[in-house]
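Q: I have a structure I would like to understand better, so I am pasting it below and will then ask my questions one at a time.
There are 4 protein chains.
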Amino acid sequence: MNQLRRIGVLTGGGDCPGLNAVIRAVAKSALFDHGLEVIGIRDGYLGLIENRMQPLTADDVSNILTRGGTILGTSNKANPSRYMTGKNSKGQPIFEDVTERVIHHIRQGSLDALVAIGGDGTMSCTNLVIEHGIPCVGVPKTIDNDLMSTEITFGFSTAVQTACDALDRIHTTAASHHRVMLVETMGRNAGWLTLHAGIASGADVILIPEIPYDVQTICRFCLHRRERGKTATIIAVSEGAKPIGGQAVIGRIVPESFDTIRLGGVSNVLADQIEKITGLETRATILGHVQRGGSPIAFDRVLATQFGHQAVELLCSGQFNRMVVMQGGKILSVPISEVANRQRLIPLDHPLLSTARAVGTCFGTPGESPSPR
Amino acid sequence: MNQLRRIGVLTGGGDCPGLNAVIRAVAKSALFDHGLEVIGIRDGYLGLIENRMQPLTADDVSNILTRGGTILGTSNKANPSRYMTGKNSKGQPIFEDVTERVIHHIRQGSLDALVAIGGDGTMSCTNLVIEHGIPCVGVPKTIDNDLMSTEITFGFSTAVQTACDALDRIHTTAASHHRVMLVETMGRNAGWLTLHAGIASGADVILIPEIPYDVQTICRFCLHRRERGKTATIIAVSEGAKPIGGQAVIGRIVPESFDTIRLGGVSNVLADQIEKITGLETRATILGHVQRGGSPIAFDRVLATQFGHQAVELLCSGQFNRMVVMQGGKILSVPISEVANRQRLIPLDHPLLSTARAVGTCFGTPGESPSPR
Amino acid sequence: MNQLRRIGVLTGGGDCPGLNAVIRAVAKSALFDHGLEVIGIRDGYLGLIENRMQPLTADDVSNILTRGGTILGTSNKANPSRYMTGKNSKGQPIFEDVTERVIHHIRQGSLDALVAIGGDGTMSCTNLVIEHGIPCVGVPKTIDNDLMSTEITFGFSTAVQTACDALDRIHTTAASHHRVMLVETMGRNAGWLTLHAGIASGADVILIPEIPYDVQTICRFCLHRRERGKTATIIAVSEGAKPIGGQAVIGRIVPESFDTIRLGGVSNVLADQIEKITGLETRATILGHVQRGGSPIAFDRVLATQFGHQAVELLCSGQFNRMVVMQGGKILSVPISEVANRQRLIPLDHPLLSTARAVGTCFGTPGESPSPR
Amino acid sequence: MNQLRRIGVLTGGGDCPGLNAVIRAVAKSALFDHGLEVIGIRDGYLGLIENRMQPLTADDVSNILTRGGTILGTSNKANPSRYMTGKNSKGQPIFEDVTERVIHHIRQGSLDALVAIGGDGTMSCTNLVIEHGIPCVGVPKTIDNDLMSTEITFGFSTAVQTACDALDRIHTTAASHHRVMLVETMGRNAGWLTLHAGIASGADVILIPEIPYDVQTICRFCLHRRERGKTATIIAVSEGAKPIGGQAVIGRIVPESFDTIRLGGVSNVLADQIEKITGLETRATILGHVQRGGSPIAFDRVLATQFGHQAVELLCSGQFNRMVVMQGGKILSVPISEVANRQRLIPLDHPLLSTARAVGTCFGTPGESPSPR
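Residue numbers (the working numbering), protein chains in the order written: chain A, 515 to 887; chain B, 515 to 887; chain C, 515 to 887; chain D, 515 to 887.
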């Protein structure tokens with residue numbers, strides 16, 4: 515095996531609490547434990563395309579453990595296999611495969627290996643780099659917790675806590691006003707974040723992409739609660755939740771004379787429907803980007819530190835092209851290729867769903883008998 | 515002076531952190547300090563219209579100091595002088611003056627006096643009651659901090675803290691993504707909440723209703739920051755902020771085939787404009803109802819306790835028909851009539867505006883030279 | 515199998531965030547899902563000795579999910595097999611076995627089964643009850659996370675977060691003053707809480723009962739950091755940490771003329787030693803009871819809800835005398851007898867220890883080379 | 515008036531949340547608003563004695579608004595008029611007046627003026643500098659809030675919030691265990707912090723230096739509560755609280771064979787007394803240094819920003835040798851000499867004391883009738 519001397523590290527995809535904690539653990543483990551040089555790559559794969567790198571010293575990663583975000587920067591739109599290099603005469607974007615350029619910059623920078631911290635998309639890009647013979651390891655990142663092969667990723671628990679705090683706040687206000695209150699969390703395809711935050715805050719209704727909802731069932735549930743003297747009904751809803759037979763409303767745009775306006779999401783649609791059908795005052799709040807920011811909670815700082823350390827261990831023991839995972843409560847690894855382009859949704863027989871139902875949660879499924887609470 | 519034996523207390527208007535702390539202080543001061551009976555009125559003036567009351571004991575107000583919301587409930591739409599009593603044959607609402615009914619219920623319940631905790635609207639209703647000879651005192655409540663005659667109201671500082679926490683979270687995410695991020699806070703007419711939260715979180719741009727903005731100036735400021743290597747620009751914007759010569763976009767509704775959808779607010783409009791003009795990736799988050807909920811911060815718990823205690827002191831010393839206020843850092847009182855139907859906006863020469871400008875904040879005023887930072 | 519109709523639930527041992535969440539999940543699952551009656555027993559086994567019980571309705575457990583503590587109360591000193599029933603003529607306590615009384619009260623109250631939420635001690639008492647033929651299930655509780663057979667217990671993550679928040683605060687102050695700062699956390703025999711909070715906050719030194727420390731090594735580490743320009747050294751220390759060849763100082767008492775004074779703990783002893791040996795200004799803070807209180811974080815609310823639900827599932831499927839556990843990330847169960855009187859310490863080859871060492875943490879082991887950071 | 519070109523800024527005395535926010539506001543106002551150069555002085559007056567300074571740029575103060583501590587460092591023991599310069603042959607410290615050295619370094623560094631952020635002690639040192647003809651302004655800092663002439667100082671509200679959060683946590687645990695719980699906060703001479711945190715958390719007993727306590731009265735109050743079915747009694751106590759006719763126990767040291775051990779404080783003494791007299795289980799927690807650390811709350815960030823800006827305004831308008839203050843809710847200034855060596859205690863007729871008594875708080879004054887609650 516070729517001896518490693520110099521490794522690169524990058525963060526790709528959407529922001530996530532704990533990225534800095536992983537960077538710090540990668541850098542400290544590599545510097546202290548193995549005497550490696552560490553090179554920070556700016557803005558994910560964009561930094562490899564544009565050759566923007568810098569050495570990372572112990573001082574650079576000092577005091578970043580507690581900070582949200584990533585000191586390296588990140589980007590969402592830098593897939594080397596289809597990179598926008600300009601526009602043609604008609605103003606249409608031109609996409610090119612710049613993978614060779616990425617490989618060139620890696621070789622030019624004398625990077626013996628690469629640690630890629632990111633989600634689905636970043637792992638796909640990393641697969642390209644692996645195919646060109648660069649040893650890589652992946653560290654999974656997604657606040658949606660929907661990556662295959664790992665039970666949990668750092669950042670998820672912080673996002674759950676942020677959403678739970680917001681739901682707690684909404685709860686007191688809903689009760690004061692006798693309202694139905696919808697809180698929309700992230701989650702386009704997977705409902706993990708909504709399910710956890712919903713259970714944690716005692717949400718009365720939880721709507722997730724995996725279980726299409728029936729608005730009439732939800733309305734009956736709300737009215738049933740009002741009749742039993744409950745002062746409020748709290749609905750936690752994933753942005754990707756959809757009605758039975760219908761589609762999610764993410765990203766719908768309404769053109770207007772004045773300008774193009776981004777619409778609210780499913781929670782706004784549902785708020786209007788519920789208010790009309792039930793006559794109950796109903797309001798919606800979309801949590802949005804606050805779920806991606808802020809200092810990671812202690813759990814995520816520990817997990818991120820373990821992931822970062824394990825990534826370096828994999829590299830230094832020659833276990834290339836694997837992604838760090840948590841399985842059965844243990845830090846292990848799987849081939850990166852196993853992860854790319856797949857998503858881990860909530861299985862309909864997941865125990866958390868039974869737990870939620872047992873404590874009286876409504877999922878908007880027709881025929882669900884209104885809870886006796 | 516007639517000896518007081520029995521007082522009523524109600525909370526009206528929008529939810530606000532600290533309402534329970536005021537209720538507790540009113541009840542404990544009245545019960546312990548003056549041996550009065552205390553009657554809780556449900557859902558603000560609605561409870562007086564519908565005669566829903568209950569005695570409040572020391573046990574009822576035990577352990578409520580830390581809780582958001584109001585154990586008495588509140589309502590926004592119960593002005594006795596114009597109360598919707600039904601609909602006519604065409605389905606149009608019928609409004610009646612039910613003030614006499616309110617007075618009747620107060621007399622029937624043997625309430626010697628009333629403590630009304632609320633904002634502008636609640637104080638107007640209280641004025642009606644006063645005109646019928648019922649001794650009242652008011653306790654000011656508004657998370658917008660825009661009531662006349664008082665420098666501060668409870669709940670405001672908690673709302674500022676909640677908005678500031680969200681801005682802090684957004685800050686780390688904006689920097690990771692090199693984005694312009696807008697955070698929309700409450701404040702239809704007054705920008706106090708946005709100004710305080712903006713300064714507290716180091717927002718780069720602060721847009722408030724009192725200072726109409728020029729979108730080109732904002733865009734130049736964003737571009738100027740990017741050129742100087744700043745990773746992000748944070749814009750704190752009141753829901754009531756408006757362009758020079760334009761109108762606020764609060765509550766605009768777009769009818770659609772499917773349904774009527776509530777639109778996002780000014781932050782969504784601005785996000786689209788800024789992204790188009792500058793080419794910088796721009797995102798908006800609307801904080802919404804989370805700003806009204808949750809446990810009050812220590813400052814508001816102390817202030818609410820002082821206000822509640824002072825209300826009882828006013829009643830018991832025969833100083834009727836006054837509202838508790840904070841002036842010059844002292845708990846004082848003013849006639850309720852002085853407060854009704856007026857609003858306290860940020861004066862354009864307010865020292866906080868100079869402070870914000872001095873540390874480099876942009877208010878979107880044309881001609882503002884881009885800060886050198 | 516005998517049909518269950520009525521179950522009792524109790525909480526025993528030290529306070530722990532999430533107890534109310536378990537009680538709620540037990541009650542709701544039993545009431546809604548299985549139509550059982552639920553009886554709350556006051557103050558742990560004391561309530562069974564003294565026959566203090568009350569029905570638990572859905573209303574009783576409404577809105578308790580977010581609250582710290584236990585609505586049922588708890589007690590530390592009510593082991594039925596050795597219960598203090600009075601004092602003899604010399605003032606010495608008389609202990610009796612009152613297990614029969616406990617069994618009598620369970621039968622008298624028509625409890626078909628018992629859910630016991632508690633630690634080591636509570637599980638031992640529950641074993642006694644089981645031996646008398648009462649079906650029981652246990653739910654593990656300990657903020658020390660040192661119960662056998664389960665990877666994690668609710669409350670632990672909240673305590674870690676509380677300790678981590680305190681360490682974060684201490685960190686900024688230590689840096690301003692160039693101090694060595696010790697923060698003493700709970701953990702008499704097991705260092706889980708200290709290890710997690712220490713890693714999460716980036717503590718420079720972590721001292722746990724499982725790894726006796728050498729004070730000279732710690733001092734060399736502190737001086738080494740100062741020489742390298744580090745502004746502060748943070749030491750997270752378990753209350754049960756002890757020097758090599760020495761004893762823990764928990765609970766030492768110094769008699770004085772005035773009164774008997776409880777001494778500070780190991781952190782105070784160490785602070786004095788370190789300051790004397792190194793000449794560096796050193797301070798200690800003992801976190802104490804704040805680690806047991808407060809609203810559980812989202813993670814613990816979800817875990818506690820799962821545990822409570824699973825307890826009822828075990829009872830209703832006739833799987834008696836088992837304790838709910840988390841193993842390999844799954845909610846399972848083990849015989850209660852397997853748990854009693856045993857403790858789960860940190861094994862010296864635990865991966866978290868290697869992770870901590872890899873990022874530069876000192877454990878006070880002689881020969882440890884001062885980290886190059 | 516001599517034109518200012520270059521100003522120095524230092525932070526002295528104990529750590530305090532918001533120091534960085536003041537430094538940032540001073541630097542940004544000076545740099546952006548007035549085109550001045552700003553020099554940061556390390557570790558308070560020690561940096562002037564040892565001539566350690568560095569320019570502060572806009573980048574240096576970027577992103578420090580939210581951080582606890584001070585990027586400049588601070589020191590407690592650097593009074594130029596009595597500075598320890600070494601030890602004599604007997605090992606006794608030698609103190610010298612090094613004020614001339616300070617003045618020399620200020621002149622050498624071409625500092626036209628000095629902004630000194632600190633408390634009582636720092637203002638005394640600043641008076642020395644003023645007497646040598648160096649223009650200075652002071653910014654008041656103390657988490658005890660006991661500086662003369664200003665109603666509030668930054669950091670105080672954050673410390674109150676930290677103490678209040680701890681008291682909230684202790685509250686749930688005390689109730690679960692039916693305990694008397696003491697929480698000891700900072701405050702050697704003034705009880706502001708304890709009084710505010712105590713009222714904010716609904717502490718049942720508040721003990722402050724200004725009102726010496728009678729332990730029997732406290733015990734009667736605890737027993738009275740127990741008789742009325744209250745599950746817990748919470749006592750907030752200042753470290754400087756003392757019994758009637760007795761002394762405070764701060765800093766008592768017990769020499770031991772093994773080593774000299776720092777004792778716990780007044781809360782430990784009281785816990786033992788109360789447990790012995792009442793038979794109620796009683797525990798104490800000393801909050802300690804966590805009260806000085808952490809990110810400032812929004813209120814303190816705004817206040818610190820105002821103070822920092824105002825300091826520069828004073829300098830630039832030639833109003834030298836004044837300290838920024840808050841009076842009547844307004845940012846004003848007073849002569850520094852007015853502040854030095856004086857302390858602002860809680861007057862016994864302060865309205866907050868009446869408020870606390872009205873809601874049932876016991877201050878341990880003999881003859882106080884046990885509250886009926």
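Idealized CB from N, CA, C, for every residue including glycine. Being a predicted model, the structure only gives us computed values, none of them experimental.
Enumerate in chain order the residues of its own chain whose CB-to-CB distance from Arg702 (chain D) is below 8 Å, with the five nearest sequence positions on each side excluded.
A: Within the fourth sequence, numbered from 1, the residue matching residue 702 (chain D) stands at position 188. The residues are Asp658, Pro723, Ser752, Glu753, Gly754, Ala762, Ile764.
Q: Relative to the alpha-carbon of Phe821 (chain B), which residue among B:Pro880, B:Glu564, B:Ala535, B:Val873 has its alpha-carbon at the smallest distance?
A: Counting from one through the second sequence, the residue named residue 821 (chain B) turns up at place 307. Nearest option by C-alpha distance: B:Ala535.
Q: Looking at chain C, which residues of the segment 668-699 of chain A have a Cβ within less than 7 Å of any of its Cβ atoms?
A: Here the close residues are Ser671, Val674, Gln675, Cys678, Asp682.
Q: Cutting at 7 Å between CB atoms, please list the residues of its own chain near Asp671 (chain B), excluding the five before and the five after it.
A: Indexing the second sequence from 1 puts residue 671 (chain B) at position 157. Going by the sequence as given, residue 671 (chain B) is Ser instead of Asp. Closer than 7 Å at Cβ, skipping near neighbours: Ile811, Phe813, Asp814.
Q: Name, please, each residue of chain C whose Cβ falls closer than 8 Å to the Cβ of Asp529 (chain D).
A: The sequence position of residue 529 (chain D) within the fourth sequence is 15, counting from 1. The answer, in chain order, is Thr686, Thr687, Ser690, His691.
Q: From the beta carbon of Gly582 (chain B), is the nearest beta carbon of chain A less than 7 Å away?
A: Locating residue 582 (chain B) in the second sequence gives position 68, counting from the first residue. Yes - at least one Cβ of chain A is within 7 Å of the one on Gly582 (chain B).
Q: Report buried or exposed for Phe877 (chain A), applying the criterion of at least 16 other Cβ atoms within 10 angstroms of its Cβ.
A: Residue mapping note: residue 877 (chain A) aligns to position 363 of the first sequence, counting from 1. Phe877 (chain A) should be labelled buried.
Q: Applying the criterion that 16 or more other CB atoms from any shown protein chain within 10 Å of the CB defines a buried residue, is Gly652 (chain C) buried or exposed?
A: Here residue 652 (chain C) corresponds to residue number 138 of the third sequence, with the count starting at 1. Burial call: buried.
Q: With a threshold of 7 Å between beta carbons, is Thr708 (chain A) in contact with chain B?
A: Translated into the one-based positions of the first sequence, residue 708 (chain A) becomes position 194. Output row for Thr708 (chain A): interface = no.
Q: Is there at least one Cβ from chain D nearer than 7 Å to Gly716 (chain B)'s Cβ?
A: Taking the first residue of the second sequence as 1, we reach residue 716 (chain B) at position 202. Yes, Gly716 (chain B) counts as interfacial toward chain D.
Q: May I have the straight-line CA-CA distance separating Cys639 (chain D) from Arg856 (chain D), to the nearest angstrom?
A: The residue labelled residue 639 (chain D) in the question sits at position 125 within the fourth sequence. The residue labelled residue 856 (chain D) in the question sits at position 342 within the fourth sequence. Their backbone Cα atoms lie some 14 Å apart in a straight line.
Q: Shortest alpha-carbon distance to Met840 (chain B) belongs to which of B:Leu625, B:Leu524, B:Asn602, B:Met662?
A: Along the second sequence, read from residue 1 onward, the residue named residue 840 (chain B) stands at position 326. The shortest C-alpha separation from Met840 (chain B) is found at B:Met662.
Q: Rounded to whole angstroms, what is the Cα-Cα separation between Ser847 (chain D) and Glu741 (chain B)?
A: By 1-based counting over the fourth sequence, the position of residue 847 (chain D) is 333. By 1-based counting over the second sequence, the position of residue 741 (chain B) is 227. Going from the Cα of Ser847 (chain D) to the Cα of Glu741 (chain B) covers about 39 Å.
Q: Who does Met837 (chain C) pair with in a DSSP beta bridge?
A: Residue numbering aside, residue 837 (chain C) sits at position 323 when the third sequence is read from its first letter. Paired residue(s): C:Gly652, C:Val848.
Q: Who are the near neighbours of Ala673 (chain B) in its chain, counting only those whose CB is closer than 6 Å to its CB and skipping five residues on each side?
A: In the second sequence, the residue the question calls residue 673 (chain B) occupies position 159. Around Ala673 (chain B): Ile657, Leu707, Gln805.
Q: Which of the three DSSP states is assigned to Phe877 (chain D) in this structure?
A: Start at 1 with the first residue of the fourth sequence, and residue 877 (chain D) comes out as number 363. DSSP places Phe877 (chain D) in coil when its eight states are reduced to three.
Q: When you compare the CB of Asp547 (chain D) with every CB in chain B, is at least one pair closer than 7 Å?
A: As a position in the fourth sequence, residue 547 (chain D) is number 33, starting the count at 1. Yes, because at least one Cβ of chain B sits closer than 7 Å to the Cβ of Asp547 (chain D).
Q: Which residue comes first and which comes last in the beta strand (DSSP E) that contains Glu698 (chain B)?
A: Looking up residue 698 (chain B) in the second sequence gives position 184. First-last of the beta strand (DSSP E) with Glu698 (chain B): 694-699.
Q: Closer than 7 Å by C-beta to Ala711 (chain C): which residues in its own chain qualify, once you throw out the five before and the five after it? Chain order, please.
A: The count along the third sequence starts at 1 and reaches residue 711 (chain C) at position 197. The answer, listed in chain order, is Val674, Ala677, Cys678, Leu681, Thr699, Ala750.
Q: Which of the three DSSP states is assigned to Leu661 (chain A) in this structure?
A: Along the first sequence, read from residue 1 onward, the residue named residue 661 (chain A) stands at position 147. If DSSP states are grouped into helix, strand and coil, Leu661 (chain A) belongs with coil.
Q: Please state whether DSSP places Ala798 (chain B) in a helix, a strand or coil.
A: Start at 1 with the first residue of the second sequence, and residue 798 (chain B) comes out as number 284. It is a strand residue.
Q: Which one of B:Asn577, B:Ser543, B:Met598 has the shortest CA to CA distance from Ile608 (chain B)?
A: Walking along the second sequence from the start, residue 608 (chain B) turns up at place 94. Among B:Asn577, B:Ser543, B:Met598, the Cα nearest to that of Ile608 (chain B) is on B:Met598.
Q: Grab the span of the alpha helix (DSSP H) containing Arg815 (chain B) for me, first residue to last.
A: As a first step, residue 815 (chain B) is located in the second sequence; it is residue number 301 there, counting from the start. First-last of the alpha helix (DSSP H) with Arg815 (chain B): 812-830.
Q: Examine the Cβ distances between the segment 580-591 of chain D and the segment 609-629 of chain D and report whether three or more of them are shorter than 8 Å.
A: Too few Cβ pairs lie closer than 8 Å, so no.
Q: Where Thr588 (chain B) and Leu628 (chain B) are concerned, what is the direct C-alpha to C-alpha distance, given to the nearest angstrom?
A: Within the second sequence, the letter at position 74 stands for residue 588 (chain B). Within the second sequence, the letter at position 114 stands for residue 628 (chain B). Their Cα atoms are separated by approximately 16 Å.
Q: Rounded to whole angstroms, what is the Cα-Cα separation between Gly647 (chain D) and Arg739 (chain C)?
A: As a working note, residue 647 (chain D) is residue 133 in the fourth sequence. As a working note, residue 739 (chain C) is residue 225 in the third sequence. So the two alpha carbons sit approximately 40 Å from each other.
Q: How big is the Cα-Cα spacing for Val783 (chain C) and Met695 (chain C)?
A: Here residue 783 (chain C) refers to the residue found at position 269 of the third sequence. Here residue 695 (chain C) refers to the residue found at position 181 of the third sequence. Roughly 13 Å separates the two Cα atoms.
Q: Using three-state DSSP, classify Pro531 (chain D) as helix, strand or coil.
A: In the fourth sequence, counting from the first residue as 1, residue 531 (chain D) sits at position 17. In the structure shown, Pro531 (chain D) sits in coil (DSSP, three-state: anything other than H, G, I, E or B).
Q: Between the beta-carbon of Val825 (chain B) and the beta-carbon of Asn641 (chain B), is there less than 7 Å?
A: The residue given as residue 825 (chain B) occupies position 311 in the second sequence. The residue given as residue 641 (chain B) occupies position 127 in the second sequence. Val is not the amino acid found at residue 825 (chain B); the sequence shown has Ala there. Against a cut-off of 7 Å, the Cβ pair of Asn641 (chain B) and Ala825 (chain B) comes out as no contact.
Q: CA-CA distance, Leu550 (chain C) and Ser809 (chain D)?
A: The residue you call residue 550 (chain C) lines up with position 36 of the third sequence. The residue you call residue 809 (chain D) lines up with position 295 of the fourth sequence. Their Cα atoms are separated by approximately 49 Å.
Q: Could you name the residues of the same chain whose beta carbon sits closer than 6 Å to that of Val873 (chain D), not counting the 5 residues immediately before and after it, in chain order?
A: For the purposes of this step, residue 873 (chain D) is taken as the residue at position 359 of the fourth sequence. Excluding sequence neighbours, Val873 (chain D) sits near nothing in its chain.
Q: Are any of the Cβ atoms in chain A nearer than 7 Å to that of Arg815 (chain C)?
A: Taking the first residue of the third sequence as 1, we reach residue 815 (chain C) at position 301. Chain A contact via Cβ: present.
Q: DSSP on Phe670 (chain C), reduced to helix/strand/coil?
A: For the purposes of this step, residue 670 (chain C) is taken as residue 156 along the third sequence, with counting starting at 1. Helix, per DSSP.
Q: Can you give me the C-alpha to C-alpha distance between Asp529 (chain C) and Ile555 (chain C), rounded to a whole angstrom?
A: Taking the third sequence and counting its residues from 1, the one referred to as residue 529 (chain C) is at position 15. Taking the third sequence and counting its residues from 1, the one referred to as residue 555 (chain C) is at position 41. Roughly 16 Å between the two C-alpha positions.
Q: State yes or no: is the C-beta of Lys655 (chain B) within less than 7 Å of the C-beta of Gly632 (chain B)?
A: Walking along the second sequence from the start, residue 655 (chain B) turns up at place 141. Walking along the second sequence from the start, residue 632 (chain B) turns up at place 118. For Lys655 (chain B) and Gly632 (chain B), yes; Cβs fall inside 7 Å.
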